[in-house]
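Undergrad: If you want this note's numbering, it's the position in the sequence shown, counting the first as 1, plus 547.
We put the beta carbon where it would ideally sit given N, CA and C, even for glycine.
Below is a structure I'd like to ask you about.
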Amino acid sequence: MADVTANGEAKPQNGEAEKNESDSAKLHEQILKQVEYYFGDINLPKDKFMLEQIKQNDGWIPMSVMMKFQRLAKLSTDPKVIASALEPSELMEVDDTGEELKIRRSPGHPLTEITDEKFKELQMRSIYCKGFPLDYTMNDLIEFFNAFGAFENIIMRKYKDKLTKSFKFKGSVFVTYATKEKAKEFLDLPDVKCKDKELIRMWQLEQIEQKKQEILTNKLKRSKKAGDAAGDEKELKESFPKGATLHLQGDYTNLTREDIKEAFNKLGYETAFVAFNKGEKEAHIRLNREDAGKDFVEKEGKEIDVAGSKLEARLLEGEEEEQFLRKAMEDRNAYLKKCQQARQGGRRGGKGGKGRGKNMRKRKGSIETSDAPSAKKTVVAE
548 MADVTANGEA KPQNGEAEKN ESDSAKLHEQ ILKQVEYYFG DINLPKDKFM
598 LEQIKQNDGW IPMSVMMKFQ RLAKLSTDPK VIASALEPSE LMEVDDTGEE
648 LKIRRSPGHP LTEITDEKFK ELQMRSIYCK GFPLDYTMND LIEFFNAFGA
698 FENIIMRKYK DKLTKSFKFK GSVFVTYATK EKAKEFLDLP DVKCKDKELI
748 RMWQLEQIEQ KKQEILTNKL KRSKKAGDAA GDEKELKESF PKGATLHLQG
798 DYTNLTREDI KEAFNKLGYE TAFVAFNKGE KEAHIRLNRE DAGKDFVEKE
848 GKEIDVAGSK LEARLLEGEE EEQFLRKAME DRNAYLKKCQ QARQGGRRGG
898 KGGKGRGKNM RKRKGSIETS DAPSAKKTVV AE
(Lines of atoms letter the chains of each structure in order from A and count residues from 1; the text may use other names and numbers.)
(Lines give C-alpha, C1' and ligand atoms only; values in the text may rest on other atoms or scores of the structure.)
Protein backbone atom coordinates (compact mmCIF):
# COMPACT_ATOMS: atom_id res chain seq x y z
CA MET A 1 0.00 0.00 0.00
CA ALA A 2 1.37 3.40 -0.98
CA ASP A 3 2.40 5.86 1.74
CA VAL A 4 0.15 8.88 2.14
CA THR A 5 0.66 12.35 3.56
CA ALA A 6 -1.34 13.81 6.45
CA ASN A 7 -3.92 15.22 4.06
CA GLY A 8 -4.41 11.89 2.35
CA GLU A 9 -2.29 12.49 -0.77
CA ALA A 10 0.02 9.74 -1.98
CA LYS A 11 3.69 10.32 -1.18
CA PRO A 12 5.98 10.28 -4.22
CA GLN A 13 8.18 7.20 -4.55
CA ASN A 14 12.00 7.55 -4.58
CA GLY A 15 12.35 7.70 -8.37
CA GLU A 16 9.49 10.14 -8.69
CA ALA A 17 10.86 12.30 -5.87
CA GLU A 18 14.27 12.50 -7.53
CA LYS A 19 12.66 13.51 -10.81
CA ASN A 20 10.62 16.21 -9.05
CA GLU A 21 13.76 17.55 -7.36
CA SER A 22 15.60 17.59 -10.69
CA ASP A 23 12.72 19.40 -12.41
CA SER A 24 12.53 21.91 -9.57
CA ALA A 25 16.29 22.62 -9.72
CA LYS A 26 16.09 23.10 -13.49
CA LEU A 27 13.14 25.49 -13.11
CA HIS A 28 15.00 27.50 -10.45
CA GLU A 29 18.03 27.77 -12.74
CA GLN A 30 15.86 28.98 -15.63
CA ILE A 31 14.15 31.60 -13.46
CA LEU A 32 17.47 32.82 -12.08
CA LYS A 33 19.00 33.20 -15.55
CA GLN A 34 15.90 34.95 -16.88
CA VAL A 35 15.66 37.50 -14.07
CA GLU A 36 19.41 38.19 -14.09
CA TYR A 37 19.15 38.75 -17.83
CA TYR A 38 16.44 41.41 -17.34
CA PHE A 39 18.59 43.22 -14.76
CA GLY A 40 21.95 42.45 -16.41
CA ASP A 41 24.54 44.77 -17.94
CA ILE A 42 23.59 43.92 -21.52
CA ASN A 43 19.80 44.25 -21.41
CA LEU A 44 19.06 46.82 -18.70
CA PRO A 45 20.85 49.86 -20.22
CA LYS A 46 18.69 49.66 -23.36
CA ASP A 47 15.39 48.49 -21.84
CA LYS A 48 13.34 51.69 -21.55
CA PHE A 49 10.52 50.01 -19.63
CA MET A 50 12.87 48.54 -17.03
CA LEU A 51 14.80 51.80 -16.67
CA GLU A 52 11.56 53.65 -15.93
CA GLN A 53 10.58 51.06 -13.33
CA ILE A 54 13.88 51.10 -11.41
CA LYS A 55 13.66 54.89 -11.05
CA GLN A 56 10.69 54.34 -8.76
CA ASN A 57 10.70 53.01 -5.19
CA ASP A 58 14.49 52.83 -4.78
CA GLY A 59 14.86 50.29 -7.59
CA TRP A 60 12.31 47.80 -6.23
CA ILE A 61 9.94 46.30 -8.83
CA PRO A 62 6.78 44.46 -7.67
CA MET A 63 6.12 40.97 -8.98
CA SER A 64 2.89 42.12 -10.68
CA VAL A 65 5.06 44.23 -12.98
CA MET A 66 7.56 41.43 -13.60
CA MET A 67 4.71 39.15 -14.65
CA LYS A 68 4.23 41.36 -17.70
CA PHE A 69 7.35 39.68 -19.09
CA GLN A 70 5.97 36.64 -20.87
CA ARG A 71 9.10 34.51 -20.71
CA LEU A 72 9.27 34.80 -16.92
CA ALA A 73 5.53 34.32 -16.51
CA LYS A 74 5.70 31.11 -18.53
CA LEU A 75 8.28 29.74 -16.11
CA SER A 76 6.31 30.58 -12.96
CA THR A 77 3.76 33.03 -11.57
CA ASP A 78 4.31 31.89 -7.98
CA PRO A 79 6.19 34.60 -6.02
CA LYS A 80 7.50 32.03 -3.54
CA VAL A 81 9.03 29.93 -6.32
CA ILE A 82 10.65 33.00 -7.86
CA ALA A 83 11.96 34.21 -4.48
CA SER A 84 13.45 30.78 -3.81
CA ALA A 85 15.10 30.71 -7.25
CA LEU A 86 16.76 34.09 -6.64
CA GLU A 87 18.27 33.16 -3.25
CA PRO A 88 21.74 32.23 -4.64
CA SER A 89 21.94 35.36 -6.82
CA GLU A 90 24.64 37.93 -6.06
CA LEU A 91 23.07 40.36 -8.52
CA MET A 92 19.50 40.37 -7.20
CA GLU A 93 17.80 41.27 -3.91
CA VAL A 94 14.36 40.06 -2.78
CA ASP A 95 11.91 41.81 -0.43
CA ASP A 96 9.07 39.59 0.77
CA THR A 97 8.13 41.62 3.84
CA GLY A 98 5.24 43.54 2.28
CA GLU A 99 1.94 42.53 0.73
CA GLU A 100 3.65 41.81 -2.60
CA LEU A 101 7.05 40.33 -3.40
CA LYS A 102 9.52 42.88 -4.81
CA ILE A 103 12.91 42.44 -6.45
CA ARG A 104 15.73 44.77 -7.49
CA ARG A 105 19.29 44.82 -8.75
CA SER A 106 21.60 44.99 -5.74
CA PRO A 107 23.05 48.48 -5.09
CA GLY A 108 26.33 46.66 -4.56
CA HIS A 109 26.37 45.95 -8.30
CA PRO A 110 25.93 49.35 -9.96
CA LEU A 111 24.90 49.28 -13.61
CA THR A 112 27.81 49.36 -16.05
CA GLU A 113 27.56 52.14 -18.61
CA ILE A 114 27.73 50.89 -22.20
CA THR A 115 30.48 53.14 -23.55
CA ASP A 116 32.08 52.74 -26.98
CA GLU A 117 34.95 50.95 -25.28
CA LYS A 118 32.58 48.56 -23.46
CA PHE A 119 30.63 47.96 -26.67
CA LYS A 120 33.80 46.96 -28.51
CA GLU A 121 34.80 44.73 -25.60
CA LEU A 122 31.45 42.89 -25.86
CA GLN A 123 31.96 42.40 -29.58
CA MET A 124 35.45 40.99 -29.03
CA ARG A 125 33.93 38.07 -27.09
CA SER A 126 30.94 37.46 -29.37
CA ILE A 127 30.67 34.87 -32.12
CA TYR A 128 28.47 34.34 -35.20
CA CYS A 129 26.85 30.97 -35.82
CA LYS A 130 24.68 30.05 -38.82
CA GLY A 131 22.74 26.99 -39.96
CA PHE A 132 19.94 26.54 -37.42
CA PRO A 133 16.45 25.38 -38.44
CA LEU A 134 14.26 28.37 -39.29
CA ASP A 135 11.56 27.19 -36.87
CA TYR A 136 13.94 27.24 -33.87
CA THR A 137 12.84 29.28 -30.86
CA MET A 138 14.94 31.08 -28.27
CA ASN A 139 14.42 28.13 -25.90
CA ASP A 140 15.76 25.75 -28.56
CA LEU A 141 18.85 27.91 -28.99
CA ILE A 142 19.45 28.25 -25.25
CA GLU A 143 19.22 24.47 -24.85
CA PHE A 144 21.60 23.97 -27.80
CA PHE A 145 24.31 26.34 -26.54
CA ASN A 146 23.99 25.16 -22.93
CA ALA A 147 25.45 21.86 -24.14
CA PHE A 148 28.72 23.68 -24.93
CA GLY A 149 29.12 25.56 -21.66
CA ALA A 150 28.09 28.85 -20.11
CA PHE A 151 27.38 31.96 -22.20
CA GLU A 152 25.98 35.41 -21.48
CA ASN A 153 23.76 36.28 -24.37
CA ILE A 154 22.11 35.12 -27.60
CA ILE A 155 20.72 37.34 -30.35
CA MET A 156 18.36 35.71 -32.84
CA ARG A 157 19.02 37.44 -36.17
CA LYS A 158 15.74 38.18 -37.95
CA TYR A 159 14.46 39.76 -41.16
CA LYS A 160 11.12 41.36 -42.01
CA ASP A 161 9.06 39.22 -44.37
CA LYS A 162 7.55 41.46 -47.06
CA LEU A 163 4.44 39.33 -47.52
CA THR A 164 3.47 38.76 -43.88
CA LYS A 165 5.14 41.96 -42.59
CA SER A 166 6.38 39.89 -39.65
CA PHE A 167 9.92 39.25 -38.43
CA LYS A 168 11.27 35.76 -39.10
CA PHE A 169 14.36 33.93 -37.87
CA LYS A 170 17.24 33.90 -40.37
CA GLY A 171 18.81 30.74 -38.93
CA SER A 172 21.81 32.59 -37.52
CA VAL A 173 22.73 34.06 -34.13
CA PHE A 174 25.26 36.18 -32.29
CA VAL A 175 26.39 34.67 -28.98
CA THR A 176 28.31 36.56 -26.29
CA TYR A 177 30.54 34.68 -23.84
CA ALA A 178 31.91 35.81 -20.48
CA THR A 179 35.45 35.99 -21.87
CA LYS A 180 37.12 36.00 -25.26
CA GLU A 181 38.85 32.75 -24.31
CA LYS A 182 35.50 31.02 -23.76
CA ALA A 183 34.26 32.25 -27.13
CA LYS A 184 37.44 30.96 -28.78
CA GLU A 185 36.93 27.54 -27.17
CA PHE A 186 33.60 27.24 -28.99
CA LEU A 187 35.08 28.39 -32.31
CA ASP A 188 37.98 25.95 -31.96
CA LEU A 189 35.72 22.90 -31.62
CA PRO A 190 36.35 20.61 -34.63
CA ASP A 191 32.71 19.91 -35.49
CA VAL A 192 29.52 21.59 -34.29
CA LYS A 193 26.28 20.35 -35.83
CA CYS A 194 22.58 21.03 -35.37
CA LYS A 195 20.16 18.44 -36.71
CA ASP A 196 23.10 16.77 -38.54
CA LYS A 197 23.97 20.04 -40.33
CA GLU A 198 27.41 21.52 -39.71
CA LEU A 199 27.22 25.11 -38.52
CA ILE A 200 29.18 28.02 -39.96
CA ARG A 201 31.14 29.67 -37.12
CA MET A 202 33.31 32.76 -36.93
CA TRP A 203 33.89 35.85 -34.81
CA GLN A 204 31.01 38.33 -34.88
CA LEU A 205 33.35 41.05 -36.10
CA GLU A 206 34.50 38.84 -38.96
CA GLN A 207 30.93 38.28 -40.11
CA ILE A 208 30.11 41.98 -39.92
CA GLU A 209 33.11 42.95 -42.04
CA GLN A 210 32.47 40.10 -44.46
CA LYS A 211 28.91 41.32 -45.01
CA LYS A 212 30.06 44.93 -45.33
CA GLN A 213 32.65 44.00 -47.95
CA GLU A 214 30.10 41.89 -49.84
CA ILE A 215 27.69 44.83 -50.03
CA LEU A 216 30.47 47.16 -51.15
CA THR A 217 31.68 44.71 -53.80
CA ASN A 218 28.17 44.30 -55.25
CA LYS A 219 27.74 48.07 -55.31
CA LEU A 220 31.03 48.56 -57.14
CA LYS A 221 30.23 45.76 -59.60
CA ARG A 222 27.05 47.57 -60.61
CA SER A 223 29.09 50.71 -61.25
CA LYS A 224 31.64 48.98 -63.47
CA LYS A 225 29.66 46.73 -65.82
CA ALA A 226 31.51 45.62 -68.95
CA GLY A 227 34.83 45.31 -67.09
CA ASP A 228 35.48 48.99 -66.52
CA ALA A 229 39.11 49.26 -65.29
CA ALA A 230 38.25 52.46 -63.45
CA GLY A 231 35.92 50.39 -61.28
CA ASP A 232 38.85 48.28 -60.03
CA GLU A 233 40.77 51.39 -59.08
CA LYS A 234 37.72 52.81 -57.30
CA GLU A 235 37.26 49.58 -55.34
CA LEU A 236 40.95 49.47 -54.43
CA LYS A 237 40.84 53.06 -53.18
CA GLU A 238 37.59 52.74 -51.19
CA SER A 239 38.12 49.28 -49.66
CA PHE A 240 41.90 49.27 -49.20
CA PRO A 241 43.16 52.70 -48.05
CA LYS A 242 46.82 53.55 -48.48
CA GLY A 243 49.26 54.23 -45.67
CA ALA A 244 47.49 51.66 -43.50
CA THR A 245 49.47 48.43 -43.97
CA LEU A 246 52.36 47.35 -41.72
CA HIS A 247 54.82 44.48 -42.04
CA LEU A 248 55.51 42.83 -38.67
CA GLN A 249 58.55 40.68 -37.91
CA GLY A 250 59.77 39.00 -34.73
CA ASP A 251 59.22 36.00 -32.46
CA TYR A 252 55.75 34.60 -33.21
CA THR A 253 56.01 31.59 -30.89
CA ASN A 254 52.52 30.92 -29.47
CA LEU A 255 51.10 34.12 -31.01
CA THR A 256 47.74 34.13 -32.80
CA ARG A 257 45.99 36.48 -35.20
CA GLU A 258 43.72 37.57 -32.34
CA ASP A 259 46.74 38.51 -30.19
CA ILE A 260 47.97 40.87 -32.92
CA LYS A 261 44.54 42.45 -33.38
CA GLU A 262 44.11 42.96 -29.64
CA ALA A 263 47.52 44.64 -29.27
CA PHE A 264 46.68 47.23 -31.92
CA ASN A 265 43.12 47.70 -30.63
CA LYS A 266 44.47 48.54 -27.16
CA LEU A 267 46.49 51.35 -28.71
CA GLY A 268 43.39 52.71 -30.46
CA TYR A 269 44.05 51.28 -33.93
CA GLU A 270 41.16 49.26 -35.38
CA THR A 271 42.27 46.44 -37.64
CA ALA A 272 40.75 45.61 -41.00
CA PHE A 273 42.78 42.43 -41.54
CA VAL A 274 45.74 40.45 -40.21
CA ALA A 275 47.55 38.26 -42.76
CA PHE A 276 49.16 35.67 -40.52
CA ASN A 277 48.99 31.95 -39.88
CA LYS A 278 50.33 30.34 -36.71
CA GLY A 279 53.88 29.11 -37.18
CA GLU A 280 54.90 31.78 -39.69
CA LYS A 281 57.72 34.23 -38.89
CA GLU A 282 56.16 37.39 -40.30
CA ALA A 283 52.76 39.02 -40.66
CA HIS A 284 51.00 41.93 -42.33
CA ILE A 285 48.34 44.01 -40.61
CA ARG A 286 46.04 46.38 -42.47
CA LEU A 287 44.42 49.09 -40.37
CA ASN A 288 40.99 50.44 -41.23
CA ARG A 289 41.69 54.04 -42.25
CA GLU A 290 44.02 55.90 -44.57
CA ASP A 291 47.45 56.70 -43.11
CA ALA A 292 46.69 54.81 -39.86
CA GLY A 293 49.88 52.78 -40.34
CA LYS A 294 51.87 55.93 -40.92
CA ASP A 295 50.38 57.44 -37.74
CA PHE A 296 51.31 54.32 -35.78
CA VAL A 297 54.97 54.45 -36.81
CA GLU A 298 55.18 58.17 -36.03
CA LYS A 299 53.46 57.94 -32.61
CA GLU A 300 54.38 54.47 -31.34
CA GLY A 301 57.71 53.90 -33.05
CA LYS A 302 58.74 50.85 -35.03
CA GLU A 303 58.03 48.25 -32.34
CA ILE A 304 54.92 46.83 -30.69
CA ASP A 305 54.46 44.44 -27.75
CA VAL A 306 52.13 41.57 -28.68
CA ALA A 307 51.35 39.25 -25.75
CA GLY A 308 54.90 39.68 -24.42
CA SER A 309 56.66 39.37 -27.80
CA LYS A 310 58.37 42.38 -29.37
CA LEU A 311 57.56 42.76 -33.07
CA GLU A 312 59.23 45.19 -35.46
CA ALA A 313 56.78 47.25 -37.52
CA ARG A 314 57.54 48.61 -40.99
CA LEU A 315 55.15 50.68 -43.11
CA LEU A 316 54.46 49.34 -46.62
CA GLU A 317 54.91 52.04 -49.25
CA GLY A 318 55.11 52.50 -53.01
CA GLU A 319 55.11 49.45 -55.28
CA GLU A 320 55.29 47.01 -52.34
CA GLU A 321 52.09 48.45 -50.87
CA GLU A 322 50.35 48.57 -54.27
CA GLN A 323 51.06 44.89 -54.95
CA PHE A 324 49.98 43.80 -51.47
CA LEU A 325 46.67 45.70 -51.60
CA ARG A 326 45.83 44.56 -55.13
CA LYS A 327 46.48 40.92 -54.17
CA ALA A 328 44.30 41.38 -51.06
CA MET A 329 41.45 42.74 -53.20
CA GLU A 330 41.72 39.86 -55.68
CA ASP A 331 41.73 37.25 -52.89
CA ARG A 332 38.75 38.84 -51.19
CA ASN A 333 36.70 39.05 -54.39
CA ALA A 334 37.48 35.42 -55.25
CA TYR A 335 36.35 34.39 -51.76
CA LEU A 336 33.11 36.37 -51.98
CA LYS A 337 32.39 34.89 -55.40
CA LYS A 338 32.84 31.38 -54.01
CA CYS A 339 30.50 32.19 -51.10
CA GLN A 340 27.88 33.48 -53.53
CA GLN A 341 28.12 30.32 -55.62
CA ALA A 342 27.75 28.21 -52.47
CA ARG A 343 24.58 30.10 -51.50
CA GLN A 344 23.12 29.65 -54.96
CA GLY A 345 23.90 25.96 -54.78
CA GLY A 346 22.18 25.80 -51.38
CA ARG A 347 19.00 27.40 -52.77
CA ARG A 348 18.87 24.75 -55.50
CA GLY A 349 19.30 22.05 -52.91
CA GLY A 350 22.46 20.81 -54.60
CA LYS A 351 25.89 19.94 -53.32
CA GLY A 352 26.86 23.58 -52.91
CA GLY A 353 24.42 24.03 -50.05
CA LYS A 354 25.19 20.70 -48.45
CA GLY A 355 28.91 21.28 -48.14
CA ARG A 356 28.84 24.97 -47.40
CA GLY A 357 29.21 24.80 -43.63
CA LYS A 358 32.35 22.69 -43.77
CA ASN A 359 33.99 24.76 -46.50
CA MET A 360 33.27 28.02 -44.69
CA ARG A 361 34.67 26.55 -41.47
CA LYS A 362 37.91 25.50 -43.17
CA ARG A 363 38.47 28.91 -44.71
CA LYS A 364 37.90 30.81 -41.48
CA GLY A 365 40.71 33.30 -41.01
CA SER A 366 42.33 32.77 -44.44
CA ILE A 367 40.57 35.69 -46.13
CA GLU A 368 40.39 39.33 -45.10
CA THR A 369 38.01 39.99 -42.25
CA SER A 370 37.86 42.95 -39.92
CA ASP A 371 36.82 44.55 -36.71
CA ALA A 372 33.69 46.72 -37.02
CA PRO A 373 30.88 47.70 -34.68
CA SER A 374 27.35 46.29 -34.81
CA ALA A 375 24.11 46.32 -32.81
CA LYS A 376 23.73 44.11 -29.77
CA LYS A 377 20.73 42.41 -28.14
CA THR A 378 20.38 39.19 -26.16
CA VAL A 379 19.96 35.74 -24.69
CA VAL A 380 16.68 35.54 -23.14
CA ALA A 381 14.98 38.44 -24.79
CA GLU A 382 11.24 38.69 -24.90
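1. Within a Cβ cutoff of 6 Å, which residues of the same chain sit near Asp-687, ignoring the five residues on either side of it in sequence?
2. For Lys-569, does the count of other Cβ atoms within 10 angstroms reach 16, so buried, or fall short, so exposed?
3. Just list the residues that DSSP pairs Val-739 with in beta bridges.
4. Thinking C-alpha only, which one of Trp-607, Leu-619, Pro-592 is nearest Lys-938?
5. Between Asn-708 and the rest of its own chain, which residues show a CB-CB distance below 6 Å, the 5 nearest in sequence each way excluded?
6. What beta strand (DSSP E) runs, 3 residues minimum, are completely inside the region 585-673?
7. Can you tell me where the beta strand (DSSP E) with Asp-852 in it begins and where it stops?
8. Here's a check: name, in chain order, each residue in its chain whose Cβ is nearer than 7 Å to the Cβ of Gln-600, leaving out the five neighbours to either side.
9. Could you name the residues of the same chain whose beta carbon sits closer than 8 Å to that of Lys-729, not counting the 5 residues immediately before and after it, in chain order?
10. Find the nearest neighbour of Gly-840 within the set Lys-825, Glu-817, Ala-822, judged by alpha-carbon distance.
11. DSSP three-state label for Ala-694, please.
12. Given that a residue counts as buried once 16 or more other Cβ atoms are within 10 Å of its Cβ, and exposed if not, what is Asn-693?
13. CA-CA distance, Ile-701 and Glu-877?
14. Give the single residue among Met-749, Ile-629, Phe-666 whose Cα lies nearest to the Cα of Met-639.
15. Does the region 799-807 come into contact with the region 650-660, if we say contact requires no fewer than three beta-carbon pairs (one atom in each stretch) closer than 8 Å?
16. Hey, how far is the Cα of Thr-726 from the Cα of Glu-646?
TA: This is what the structure holds:
1. none
2. First, the residue type needs correcting, since residue 569 is Ser and not Lys in the sequence shown. Ser-569 comes out exposed.
3. Val-739 pairs with nothing; no bridge assigned.
4. Given a span of 548 to 929 for the chain in the structure shown, any question on residue 938 remains unanswerable.
5. It should be noted that the sequence gives Asp, not Asn, for residue 708. These residues qualify, in order along the chain: Lys-715.
6. 639-642, 649-652
7. 850-853
8. Ile-608, Val-612
9. Arg-672, Gly-696, Ala-697, Phe-698
10. Glu-817
11. coil
12. exposed
13. 35 Å
14. Ile-629
15. no
16. 41 Å
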